[in-house]
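Mind the numbering: the sequence shown is residues 147 to 230 in my numbering, read in order.
Backbone N, C-alpha and C define an ideal beta-carbon position, used for all residues, glycine too.
Remarks on the structure that follows.
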Amino acid sequence: MHSAICLLLIAASVVAGLYGCMLGIAALKHMHESTESDRTYGWTLWWFLEASRYNDTGKKMCRQGAIVFFSGIALAILGWSCLV
């Protein structure tokens, strides 16, 4: 039972990571003053830290991305720590 909860926490962190990536890719269309390289291969997993590069909708997505990112990290830490 204990390990099942740990694995559930780890699975939730993976889902949060995937959602954060999808949110970041969706936010690309809200990036103003971007070059083609920014839109093609300039995207990183830290995209939400550059909220100033986005319009208002993109800035909201950046806030959501930060919440999802740090929630995923917290879930992963909890999941791995209870397995050890």
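Asked: Status (buried if at least 16 other CB within 10 Å, exposed otherwise) for Ala-172; Found: exposed
Asked: Whole-angstrom distance between Gln-210 and Val-160, CA atom to CA atom; Found: 16 Å
Asked: Inter-residue CB distance, Gly-225 and Leu-164 (contact presumed, cutoff 8 Å); Found: Incorrect: roughly 15 Å between the Cβ atoms, too far for contact.
Asked: For Glu-179 and Ser-198, the rounded distance between their alpha carbons; Found: 10 Å
Asked: Bridge partner(s) assigned by DSSP for Tyr-200; Found: Met-177
Asked: Reduced DSSP category for Val-230 - H, G, I as helix; E, B as strand; rest coil; Found: coil
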